[in-house]
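Enquirer:
Number of protein chains: 2
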Amino acid sequence: MINQEIIKSLARQTPSKIVMLVIDGLGGLPRPETGKTELETAHTPNLDKLAAEGICGLSEPVGPGITPGSAPGHTALFGYDPIAVNIGRGVLEAVGIDFPIEPDDVLARGNFCTVDNKGIITDRRAGRIGTDKSAALCPLLETKIDGIQVLTAPVREHRFVIVFRGPGLSPEVAETDPGQEGLLPVEAKAISAGAVKTANTVKRFIEHAGKVLADKHPANMVLLRGFSKKPDLPKMGDIYKLKPAAIATYPMYRGLARLVGMDILSTGTTFADELKTLKEHYNDYDFFFVHVKKTDAAGEDGDFDRKVKAIEEVDSALPELINLKPDVIVVTGDHSSPAMLKAHSWHPVPTLLYSSYCRPDKATEFSESACLQGGLGIFPATSIMPLAMANALKLSKYGA
Amino acid sequence: MINQEIIKSLARQTPSKIVMLVIDGLGGLPRPETGKTELETAHTPNLDKLAAEGICGLSEPVGPGITPGSAPGHTALFGYDPIAVNIGRGVLEAVGIDFPIEPDDVLARGNFCTVDNKGIITDRRAGRIGTDKSAALCPLLETKIDGIQVLTAPVREHRFVIVFRGPGLSPEVAETDPGQEGLLPVEAKAISAGAVKTANTVKRFIEHAGKVLADKHPANMVLLRGFSKKPDLPKMGDIYKLKPAAIATYPMYRGLARLVGMDILSTGTTFADELKTLKEHYNDYDFFFVHVKKTDAAGEDGDFDRKVKAIEEVDSALPELINLKPDVIVVTGDHSSPAMLKAHSWHPVPTLLYSSYCRPDKATEFSESACLQGGLGIFPATSIMPLAMANALKLSKYGA
Chain A
34 MINQEIIKSL ARQTPSKIVM LVIDGLGGLP RPETGKTELE TAHTPNLDKL
84 AAEGICGLSE PVGPGITPGS APGHTALFGY DPIAVNIGRG VLEAVGIDFP
134 IEPDDVLARG NFCTVDNKGI ITDRRAGRIG TDKSAALCPL LETKIDGIQV
184 LTAPVREHRF VIVFRGPGLS PEVAETDPGQ EGLLPVEAKA ISAGAVKTAN
234 TVKRFIEHAG KVLADKHPAN MVLLRGFSKK PDLPKMGDIY KLKPAAIATY
284 PMYRGLARLV GMDILSTGTT FADELKTLKE HYNDYDFFFV HVKKTDAAGE
334 DGDFDRKVKA IEEVDSALPE LINLKPDVIV VTGDHSSPAM LKAHSWHPVP
384 TLLYSSYCRP DKATEFSESA CLQGGLGIFP ATSIMPLAMA NALKLSKYGA
Chain B
34 MINQEIIKSL ARQTPSKIVM LVIDGLGGLP RPETGKTELE TAHTPNLDKL
84 AAEGICGLSE PVGPGITPGS APGHTALFGY DPIAVNIGRG VLEAVGIDFP
134 IEPDDVLARG NFCTVDNKGI ITDRRAGRIG TDKSAALCPL LETKIDGIQV
184 LTAPVREHRF VIVFRGPGLS PEVAETDPGQ EGLLPVEAKA ISAGAVKTAN
234 TVKRFIEHAG KVLADKHPAN MVLLRGFSKK PDLPKMGDIY KLKPAAIATY
284 PMYRGLARLV GMDILSTGTT FADELKTLKE HYNDYDFFFV HVKKTDAAGE
334 DGDFDRKVKA IEEVDSALPE LINLKPDVIV VTGDHSSPAM LKAHSWHPVP
384 TLLYSSYCRP DKATEFSESA CLQGGLGIFP ATSIMPLAMA NALKLSKYGA
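For the protein sequence lines, the chains are A and B, in the order given.
Residue 433 is where the first sequence ends in the numbering used here, and the numbering goes up by one at each step.
Residue 433 is where the second sequence ends in the numbering used here, and the numbering goes up by one at each step.
1) Are the beta-carbon atoms of G58(A) and G366(A) separated by less than 8 Å?
2) Inspect the CB distances between the stretch 372-379 of chain B and the stretch 76-89 of chain B and report whether three or more fall short of 8 Å.
3) Here's a check: name, in chain order, each residue in its chain whose Cβ is nearer than 6 Å to the Cβ of I181(A), leaving out the five neighbours to either side.
4) With distances taken between CB atoms, is the gap from R192(B) to N144(B) smaller than 8 Å?
5) Go through its chain and collect everything with a Cβ distance to V229(B)'s Cβ below 8 Å, but skip five positions before and after it.
6) Is it right to say A117(B) is buried, meaning 16 or more other beta carbons lie within 10 angstroms of its own, or is it exposed?
7) Check the Cβ-Cβ distances between P101(B) and every residue of chain E, and say whether any is below 8 Å.
8) Kindly provide the ranges of any beta strand (DSSP E) runs that are 3 or more residues long and lie completely inside the stretch 171-215 of chain B, ordered along the chain.
9) Could you tell me which residues DSSP puts in a beta bridge with I88(A)?
10) Among E353(A), V206(A), I51(A), which residue has its Cα nearest to the Cα of K274(A)?
11) For D165(A), does the three-state DSSP call read helix, strand or coil?
12) Give the residues of chain A in contact with S402(B), contact being defined as C-beta atoms less than 8 Å apart.
13) Please identify the residue among L140(B), K262(B), G61(B), P267(B) whose C-alpha is closest to the C-alpha of T100(B).
14) Can you give me, in chain order, the residues of the stretch 34-60 of chain A that have a beta carbon less than 9 Å from any beta carbon in chain B?
15) Beta-carbon separation of P264(B) and I134(B) under 8 Å?
16) In the DSSP output, which residue or residues are listed as bridge partners for I40(B)?
17) Tell me whether the stretch 278-290 of chain B and the stretch 312-329 of chain B touch, counting them as touching only if at least three CB pairs, one residue from each stretch, are closer than 8 Å.
18) Under a CB-based cut-off of 8 Å, is I355(B) close to chain A?
19) Measuring CB to CB, does P19(B) end up less than 8 Å from P97(B)?
20) In three-state DSSP terms, what is F337(B)?
21) Which bits of chain B does L420(A) rub up against, with CB to CB less than 7 Å?
22) Terminal residues of the continuous beta strand (DSSP E) containing F412(A)?
23) Could you work out which residues of chain B lie near L405(A), taking near to mean beta carbons separated by less than 7 Å?
24) I'd like the list of long-range same chain contacts for I162(A), defined as Cβ closer than 7 Å, with 5 residues on each side in sequence excluded.
25) Decide if H76(B) is buried, meaning its Cβ has at least 16 other Cβ atoms within 10 Å, or exposed.
26) Since S402(A) is in the beta strand (DSSP E), which residue starts that stretch and which ends it?
27) K340(B): buried (16+ other C-beta within 10 angstroms of its C-beta) or exposed?
28) Quick one: complete beta strand (DSSP E) runs, 3+ long, within the stretch 245-273 of chain A?
29) Select from L386(A), A403(A), E307(A) the residue whose C-alpha is nearest the C-alpha of A414(A).
30) Could you tell me the alpha carbon to alpha carbon distance between A44(A) and L428(A), rounded to whole angstroms?
31) Y113(A) CB to nearest chain B CB: under 8 Å?
32) Are there 16 or more other CB atoms within 10 angstroms of the CB of A109(A), so buried, or fewer, so exposed?
33) Output yes if chain A places a C-beta closer than 8 Å to the C-beta of I297(B); else output no.
34) What are the boundary residues of the beta strand (DSSP E) that H324(B) is part of?
35) Can you confirm whether A117(B), when its beta carbon is compared against all beta carbons of chain A, has any partner nearer than 8 Å?
36) Check distances from the C-beta atoms of the stretch 119-131 of chain B to those of chain A and list, in chain order, the residues that come in under 7 Å.
This is the structure in structure tokens:
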């Protein structure tokens, strides 16, 4: 990828506007009966028109064969090296709920879970207890261990953030979630020598949690993952000389956007709500990140038809966005989530870029196979921001 | 890109010959009425035949979204990392007119300009005064400031080179050209702490220029940009074991070629002249860089039809080149210059490589859309030299 410092040195402020629509988990795999992916199955006249008038390709968030988590998927889309930038799940959840992180805090994402009387995990999500129940349980977990303050904050359903606050903590602690049921939680282990003290604190905290939750079935244990500290990232406003705003229905994506310095616009729960928010604030910003979650959720649930429907919902509302006439529209995903795999995957992501200055290609529909023939080729997702900036005429010439 | 040291370790001298024809600003954008670019509109039977028999692709000089200046565009074509190699505009202009640069010299490109009685720029090019007028004015600018000798040399029209010669100078000085009319010239500022003294010398020089030019309207002030020192680049002859020669009608491109160690062959003003020169010296060298400027000039002027015509002129003279039967012919550009944008642009550049050993693809014409389907794909321009060398059977096997 082109060094961000170079992009920064070329970026100039102009009145032109960029909208980046991220359809989470967009890429898919063909349903064997039809040979068509979710996107190819969906009826998407508006996306197809944009693809026909724009330039298409398949973007790779991290690299060939690498299945990205949501954090590297998005950091790449925002133009940051997803390998160099390490955003832990704990930090992500915390910034997504506006938790005031301090620079030395070590954070983890917590799940309430159910264990049997031998301590074996029977439900990693504690029956997906409601957010209100989590909120009532969280304060029980708060404590002080060896001078380290342990704070919590509920997120959504069974998920919460846990914060270890005090001097000398390291995020180099392995997760305690074994990733499947029928096993014991994994003991917290230090990944590096400097994290032994932190791992011991985490172990003692888990013991504490086991005690205070003993009679709170189904939420009678916790699993922790994504130990991390807040990264100190350059802000999109500084790099690109943009005024960027994020519109997302899910806290994690708002959190990611906040980490790179976007303003977070409050919105509702649907794509229609998001587009309403976009319209209301259209004059106040020159870059909008609009995030759609439903597609990924359907893909991860293995529900091909629901993912098709989620894509069609996006498509049918799209004229609202197009009618605002942004100078550049990017439609992409942060990774693929084929229903067939019920998970994120490594497959490159259908991407289209529409502007008056793109060199159109022969892709006349928005699909994995059309994008493969597109003018952007198979390309790193970190190129999307430089390309969007170039097409918005926001990058000066490089060199004499 | 492949490390140049590796290429150097593999390069071997052979009798085979490579001709690299650089059609400046070659790539374009479609004219809305026809959906065809300049190259697609031009009637180019000879280029089409080469494309059909050779291998095609789209080359990216610097990277996705990056619009290259002429210097990075050409350094990439010559196989040098265009990010690592920084050739300033001052150096470029100076080597283009054969000015004998000393290693400690700091050079800048100067423009004579017009300012009003408040010092505000009314014409950044002083009405494009003739080269003879510039030549008469340049000596007035020469002076000595704080022991630093200030030398000048006219280039073409309103453009000249200015040389600050003396100990302890730094090129880290910001340009004084605000880039648009209606503003005051920018005060020369040091970009780094080590350049404060140089910036002061430049400031005092500008005051001097204002005095000696006061009654020389329209050339009553100067703008300086591209402060730079001569880079110490490895020579093409050493890296590739080639004996390289440059044929170019414009000084800047001869200058670029000289910086990488090419011999400069004198030629006339047309492509026919260049081909005559090529023929005359064909036995004396094994690598020829032939540069065509007219295409870029037409693109920058926004003249679609003139660019089409310039491409057709190249095509119709091409048999002269082909009949010399070089082992490898490369036809490419240093960047795109779509008439629609009236400027250099970031769009990847149509590129063809013809040799007996390339693996031909399905591209049967030389055009942006055919190149997109070509066997070279979308690829970095720094790969062109290794590919040309390989196709000329000038690179040994790598590794045991």
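C-beta atoms are modelled at their ideal positions from N, C-alpha and C, and glycine is treated no differently.
Expert: Result, derived from the coordinates:
1) yes
2) Contact between the stretch 372-379 of chain B and the stretch 76-89 of chain B is absent, because fewer than three Cβ pairs lie under 8 Å.
3) Residues of the same chain with a CB within less than 6 Å of the CB of I181(A), apart from the 5 flanking positions on each side, are F197, G199, T234 in chain order.
4) yes
5) Counting only Cβ-Cβ distances below 8 Å, and skipping sequence neighbours, we find A223.
6) exposed
7) No chain E appears in this structure, whose protein chains are A and B.
8) 176-178, 181-189, 192-198
9) L386(A)
10) For K274(A), the closest of E353(A), V206(A), I51(A) by C-alpha to C-alpha distance is I51(A).
11) It is helical.
12) D394, K395
13) G61(B)
14) M34, I35, N36, I39, I40, L43
15) no
16) The partner list for I40(B) (beta bridge, DSSP) is empty, contrary to what the question assumes.
17) yes
18) no
19) This structure does not reach residue 19(B), given that chain B is present from 34 up to 433, and the question cannot be answered.
20) helix
21) P97, G98
22) 410-413
23) In chain order: nothing, as chain B lies at least about 12 Å away.
24) Non-local C-beta neighbours of I162(A) in its own chain, meaning closer than 7 Å and more than five positions away in sequence, comprise F145, E190, H191, P251, A252, ordered along the chain.
25) exposed
26) First-last for S402(A): 401-405, but that is the alpha helix (DSSP H), not the beta strand (DSSP E).
27) buried
28) Fully enclosed beta strand (DSSP E) runs of 3 or longer: 254-261.
29) L386(A)
30) 5 Å
31) no
32) buried
33) no
34) 320-325
35) Taking a beta-carbon distance threshold of 8 Å, A117(B) does not count as an interface residue toward chain A.
36) I120, G121, R122, L125
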